[in-house]
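Peer 1:
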Amino acid sequence: MQRQVGVELQDQNGHVRRDQRATDHRVAQHAQIAHHVVTFSCDLRRRRRPIMPRLPDRCTRARHGRLRPSRYTAIMPVDLDARVVSNVRLSADYNVVHLEAPSLAANAEPGQFVMVKPTAGLRPLLRRPFSICELLIDAGGAPTGFSLLNKRVGVGTTLLYGVEIDQRIGCLGPLGAGFAAVDPPETAWMVAGGVGIAPFLSLASALQRRGTPAMLFYGGRGADDLFYLDAFTRLDVRLVLATEDGSQGEAGLVTASLARELESTEATRPTIYACGPTPMMRAVADLAASHARPCQVSLEPVMGCGMGGCYSCVVPTRATRDAPAHLVRGCIDGPVFDAQQVVWDRLAPVV
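Quick note: the sequence shown, position 308, residue 317 per the working numbering, numbers continuous.
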């Protein structure tokens, strides 16, 4: 009596011999699997239609407007190596990087973002999303580049903190749907927390060109977390500051200042824009809804590609007359959303 152990045979005395037929069959199986792998790899290289639709094509279709066509443009993002013009260290963890990229800056709008890769290597593997902070303009009024406000947290932001002048870093943009114009806003109120100030500098410049009065409610843990105050003052933006430790402005949360201002100016109808920590934006959305004020929020979902292909940045939205409740992509349908359309209870936390 014999029993089979793998491709070997063992008799009742314990002697083991190899079953050549089983061995030949196993080798044939391995060869067949290898053939399929090689064939599939070759097929991928010569396939006329890729398995995953090309990301730029997906971005184009989205920008032409399945959900909100008025929010998108037909301008395609550019992928380039931007030159570092300057790297200003604001503190031990914050810096501002000025980049030379005329073709990217020429099409950028307030609220849009870029995907940045500080190095050419594989660490980090994926790009990081950054709001376009300030558009750089030459003496003739032509855009020459943009700036990024960076907080050192992980590998990618640490590398961006240490970039040197004339270094080249990869940038893909402009991406996403920015702040939607409200015609005509009686006044604009911007509410920011910490590095959430980033998209508001370009928005404040646009509001000044339109002649729209603007206020900035800006909060942080301390005075070291508040940036660009002089720049907003030059843009005729009224500042309302709040810090948790009371080191600058009012002591407490910035949403308390917003609530008090809403109560005291019921006659005005401001359009509210918010960017910062998710709890702050949710509180702003609730305040805006309770006072029947339009509100737009710039969310910060985790992004892998920035082009709508990976679905890592989905945002839950409420049902409307035109569409049921569903998940939308924060990178192409956002990052700016109508605050009342966001389902805050289901929004994934930023890690």
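For each residue, glycine too, the CB sits at the ideal point set by N, CA and C.
1. Classify Pro-183 as helix, strand or coil using the three-state DSSP reduction.
2. Would you give the residue range spanned by the beta strand (DSSP E) that Tyr-282 belongs to?
3. At the level of alpha carbons, what is the spacing between Phe-188 and Gly-171?
4. Taking only beta-carbon positions, decide if Met-312 is within less than 8 Å of chain D.
5. Mind checking Gly-231: buried by the 16 CB within 10 Å criterion, or exposed?
6. On the CB-based measure, 16 or more other CB atoms within 10 Å of its CB, does Tyr-227 come out buried or exposed?
7. Just grab the DSSP bridge partners of Leu-248 for me.
8. Suppose you measure from the CA of Pro-288 to the CA of Val-351; what does that come to, to the nearest Å?
9. Considering only the alpha carbon of each residue, which of Gly-315, Arg-291 and Met-316 lies closest to Ala-357?
10. Look up Pro-111 in the DSSP assignment and say whether it is helix, strand or coil.
11. Can you pull the DSSP bridge partners for Ser-307?
12. Helix, strand or coil for Asp-234 per DSSP?
13. Who are the Cβ neighbours of Ile-281 in its own chain at under 6 Å, not counting the five residues just before and after it?
14. Thr-196: which of Met-224, Leu-210 and Leu-184 sits nearest, CA to CA?
15. Within a Cβ cutoff of 7 Å, which residues of the same chain sit near Leu-2, ignoring the five residues on either side of it in sequence?
16. Of all the options Ser-211, Thr-167, Gly-205 and Phe-209, which has the alpha carbon lying nearest to the alpha carbon of Asp-234?
17. Mind checking which residues open and close the alpha helix (DSSP H) that includes Ser-321?
18. Pull up the distance between the alpha-carbon of Val-324 and that of Ala-207, whole angstroms please.
19. Roughly how many angstroms separate the alpha carbons of Leu-238 and Gln-257, rounded to a whole number?
20. Can you tell me which of the three DSSP states Ser-256 falls into?
21. Would you be able to state if there are at least three C-beta pairs under 8 Å between the region 105-119 and the region 247-256?
22. Tell me the rounded alpha-carbon separation between Arg-77 and Cys-322.
23. Between the region 103-115 and the region 155-175, do at least 3 Cβ pairs fall closer than 8 Å?
24. Report yes or no: do three or more beta-carbon pairs, one from the region 150-157 and one from the region 310-317, lie closer than 8 Å?
25. Within this structure, are the beta carbons of Arg-219 and Ala-91 separated by less than 8 Å?
26. What is the DSSP secondary structure of Val-204, reduced to helix, strand or coil?
27. Taking the beta strand (DSSP E) that Phe-139 falls in, what are its first and last residues?
28. Assuming Leu-113 and Val-93 form a contact by the criterion Cβ under 8 Å, report the distance between their Cβ atoms to the nearest whole angstrom.
29. Check whether the Cβ atoms of Ile-141 and Pro-183 sit closer than 8 Å, and answer yes or no.
30. Who are the Cβ neighbours of Pro-111 in its own chain at under 8 Å, not counting the five residues just before and after it?
Peer 2: Well, looking at it:
1. Here the question's residue 183 lines up with position 174 in the sequence shown. In the three-state reduction of the DSSP assignment, Pro-183 falls in the strand class.
2. Start at 1 with the first residue of the sequence shown, and residue 282 comes out as number 273. 279-284 is the span of the beta strand (DSSP E), which, as asked, contains Tyr-282.
3. Working through the sequence shown from its first residue, we reach residue 188 at position 179. Working through the sequence shown from its first residue, we reach residue 171 at position 162. When rounded, the distance between both Cα atoms is 31 Å.
4. The chain inventory of the structure shown lacks chain D, comprising one protein chain alone.
5. In the sequence shown, counting from the first residue as 1, residue 231 sits at position 222. Its Cβ having fewer than 16 others within 10 Å, Gly-231 is exposed.
6. Here residue 227 is taken as the residue at index 218 of the sequence shown, counted from 1. Per the 10 Å Cβ criterion, buried.
7. Indexing the sequence shown from 1 puts residue 248 at position 239. In the DSSP secondary-structure assignment, Leu-248 is bridged to Leu-225.
8. Residue numbering aside, residue 288 sits at position 279 when the sequence shown is read from its first letter. Residue numbering aside, residue 351 sits at position 342 when the sequence shown is read from its first letter. When rounded, the separation of the alpha-carbon atoms in Pro-288 and Val-351 is 13 Å.
9. If you number the sequence shown from 1, residue 357 lands on position 348. Nearest in C-alpha terms to Ala-357, of all of Gly-315, Arg-291 and Met-316, is Arg-291.
10. Against the sequence shown, residue 111 aligns to sequence position 102. Helix, per DSSP.
11. Here residue 307 refers to the residue found at position 298 when the sequence shown is read from its first residue. When DSSP reads this structure, Ser-307 sits in a beta bridge with Cys-284 and Val-345.
12. Here residue 234 refers to the residue found at position 225 when the sequence shown is read from its first residue. In the structure shown, Asp-234 adopts helical secondary structure according to DSSP, grouped into three states.
13. In the sequence shown, counting from the first residue as 1, residue 281 sits at position 272. Excluding sequence positions up to five before and after Ile-281, its CB lies within less than 6 Å of the CB of Trp-198, Ala-297, Arg-302 and Cys-304, all in the same chain and listed in chain order.
14. For this step, residue 196 is matched to residue 187 along the sequence shown. It is Met-224.
15. Nothing about residue 2 can be reported from this structure: the residues present for the chain run from 10 to 360 only.
16. Within the sequence shown, residue 234 is the residue found at index 225, counting from 1. It is Gly-205.
17. As a working mapping, residue 321 is identified with position 312 in the sequence shown. That residue, Ser-321, is in no alpha helix (DSSP H); it is neither H nor E in DSSP.
18. Counting from 1 along the sequence shown, the entry for residue 324 is found at position 315. Counting from 1 along the sequence shown, the entry for residue 207 is found at position 198. If I take the Cα positions, the gap works out to 21 Å.
19. Looking up residue 238 in the sequence shown gives position 229. Looking up residue 257 in the sequence shown gives position 248. Taking the straight line joining both Cα atoms gives about 12 Å.
20. Along the sequence shown, read from residue 1 onward, the residue named residue 256 stands at position 247. Three-state DSSP puts Ser-256 in coil, outside helix and strand.
21. Short answer: they don't touch.
22. On the sequence shown, position 68 is the one that residue 77 refers to. On the sequence shown, position 313 is the one that residue 322 refers to. Low confidence applies to Arg-77: its pLDDT is 39, below 50, so where it sits in the model is not reliable enough to give any reading.
23. Three or more Cβ pairs closer than 8 Å define a contact, and the region 103-115 meets that threshold against the region 155-175.
24. Too few Cβ pairs lie closer than 8 Å, so no.
25. For the purposes of this step, residue 219 is taken as the residue at position 210 of the sequence shown. For the purposes of this step, residue 91 is taken as the residue at position 82 of the sequence shown. Taking 8 Å as the Cβ cut-off, Arg-219 and Ala-91 do not qualify as a contacting pair.
26. For the purposes of this step, residue 204 is identified with residue 195 of the sequence shown, where counting begins at 1. It is helical.
27. Within the sequence shown, residue 139 is the residue found at index 130, counting from 1. For Phe-139, the enclosing beta strand (DSSP E) starts and ends at 137-140.
28. For the purposes of this step, residue 113 is identified with residue 104 of the sequence shown, where counting begins at 1. For the purposes of this step, residue 93 is identified with residue 84 of the sequence shown, where counting begins at 1. For Leu-113 against Val-93, the beta-carbon gap comes to about 14 Å, at or over 8 Å, which does not count as contact.
29. As a working note, residue 141 is residue 132 in the sequence shown. As a working note, residue 183 is residue 174 in the sequence shown. The answer is yes: Cβ separation under 8 Å.
30. As a working mapping, residue 111 is identified with position 102 in the sequence shown. Cβ contact annotation for Pro-111 (same chain, cutoff 8 Å, sequence separation greater than five): Ala-151, Pro-152, Thr-153 and Gly-154, in chain order.
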